[in-house]
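Right, dumping it as structure tokens:
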């Protein structure tokens, strides 16, 4: 009877130990995946190297004047110029304007659907043209997004 008890105790301890190890592996797995078991976060390349250069005041002023055209930090601007990356920052301003136009056209079409605007005889034609215009704006913006991908 002593051997059976001892053997069962050893087996139960081994089983509990295996469960604890499995639970810790699972916990470490989810810690590795990210918070709450999500997808791994992207690892960005860290900017950890520092280069200092000397330049004259006039050179610095010219550099700052060129950088002020773009909403970038000076270091980011220098890095983009150095590695010949395209500076397409003003391109997104046209997209914002188009999005604003689209939202304004939607508001206009909603106003035209109200009873107060039944005075217009060609109300349906105006609504169709506005909807076509909104669709063209969305198609242009989505095609631009797909080209960038």
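Numbering (my numbering), first residue to last: 206 to 354.
Even for Gly, the Cβ is constructed at its ideal location relative to N, Cα and C.
Extent of the continuous alpha helix (DSSP H) run through residue 284 | Element bounds for residue 284: 279-287.
Count the other C-beta atoms from every protein chain shown that fall within 10 angstroms of the C-beta of residue 282, then say buried if there are 16 or more, exposed otherwise.
-> buried
Using the Cα positions of residue 271 and residue 259, report the straight-line distance between them to the nearest angstrom.
-> 18 Å
Candidates 342, 314, 344 and 340, of which the one nearest residue 330 by Cα = Ranking 342, 314, 344 and 340 by CA distance to the CA of residue 330 puts 314 first.
If you follow the alpha helix (DSSP H) that residue 263 is part of, which residue opens it and which one closes it?
-> 262-272
Looking at C-beta atoms only, is the number of pairs between the region 302-319 and the region 263-270 that lie closer than 8 Å three or more?
-> Touching, no, given that fewer than three Cβ pairs across the two stretches are closer than 8 Å.
Between the Cα of residue 302 and those of 342, 287, 328 and 276, spot the shortest distance and give me the residue it belongs to.
-> 342
Rounded separation between residue 278 and residue 233 - CA only = Distance between residue 278 and residue 233, taken at the CA atoms: about 39 Å.
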